[in-house]
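First up is the structure itself, then whatever we jot down about it.
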Amino acid sequence: MKIILTGATGMVGEGVLLECLENPNVSEILSISRKPSGKKHSKLKEYLVSDFLSIHINDENLKGYDACFFCAGISSVGMNEEDYTKITYDTTLHLAKAVLNQNPEMVFTYVSGAQTDSTESGKLMWARVKGKTENALKKMNFKSAYNFRPGFMKPVEGQLNVKWFFKPFIWFFPIFLPSKSLSLHEVGKAMINAVQKGYPTSTLEIRDIKNLAI
Numbered sequence: 006m007k008i009i010l011t012g013a014t015g016m017v018g019e020g021v022l023l024e025c026l027e028n029p030n031v032s033e034i035l036s037i038s039r040k041p042s043g044k045k046h047s048k049l050k051e052y053l054v055s056d057f058l059s060i061h062i063n064d065e066n067l068k069g070y071d072a073c074f075f076c077a078g079i080s081s082v083g084m085n086e087e088d089y090t091k092i093t094y095d096t097t098l099h100l101a102k103a104v105l106n107q108n109p110e111m112v113f114t115y116v117s118g119a120q121t122d123s124t125e126s127g128k129l130m131w132a133r134v135k136g137k138t139e140n141a142l143k144k145m146n147f148k149s150a151y152n153f154r155p156g157f158m159k160p161v162e163g164q165l166n167v168k169w170f171f172k173p174f175i176w177f178f179p180i181f182l183p184s185k186s187l188s189l190h191e192v193g194k195a196m197i198n199a200v201q202k203g204y205p206t207s208t209l210e211i212r213d214i215k216n217l218a219i
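Position one of the sequence shown corresponds to residue 6 (the numbering used here), numbered consecutively onward.
Put into structure tokens, the structure is as follows:
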């Protein structure tokens, strides 16, 4: 399969990218990002854009792919709802429309987050915006659209994009809170399996991601 991936310069996207590079079922990855990933591989192509919102709906660079793994994201800390919505909702939907336009049979996978608010009316701003994004993607005409809601994600071996403040907790969560954590290897494998096998529900919590990764 041929994959479009976003977020390769962040922790989640880098982990999923490494899984895709090692997985024999993936033949090509197009990484869309604002800066190079720093990785070289025969499977990997990079498409650098200054702003995802500038990508044209008829961009031929996006044509010929089976799935899009949308792993880009930003923390809501210190942001107001308008700015966070532009980055989280507007950017995601803009790219989703462009890749769907070029690939009508595409599977779209969006990395959301645990406790995302599907009602779009809760007190947590980030959860409302993520919920709004999830709901909009489900209404689009993708072959399938999956919203992944992972908790703590353990980096895979060889990752470089891991924040310093995150590293001391890497060992803690899988041992003491196994039901709230999983590895990025599992996230990446589950995304690949979602394309190949499908899954009964479009919203995947931690237990669903683990089941799909087997």
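Idealized CB from N, CA, C, for every residue including glycine.
ask   = To the nearest angstrom, how far is it from the Cα of valine 104 to the Cα of glutamate 24?
value = 22 Å
query = To the nearest angstrom, how far is it from the Cα of asparagine 216 to the Cα of tyrosine 204?
reply = 10 Å
message = Nearest by alpha-carbon distance to aspartate 56: which of Leu100, Ala72 and Val82 is it?
response = Leu100
inquiry  = Suppose you measure from the CA of serine 184 to the CA of proline 155; what does that come to, to the nearest Å?
reply    = 11 Å
Straight-line gap, asparagine 30 to tyrosine 70 (C-alpha atoms, nearest Å) = 14 Å
ask   = Which runs of the beta strand (DSSP E) fall wholly inside the stretch 88-129 and span at least 3 residues, in chain order?
value = 112-116
inquiry  = Nearest by alpha-carbon distance to lysine 40: which of Asp64, Thr206 and Gly15 is it?
reply    = Gly15
task = Compute the beta-carbon to beta-carbon distance between phenylalanine 75 and threonine 97, rounded to the nearest angstrom, for a pair I have assumed lies under 8 Å.
result = 6 Å
task = Going by CA-CA distance only, name the one from Ala132, Gly163 and Ser188 that's closest to glutamate 86.
result = Ala132
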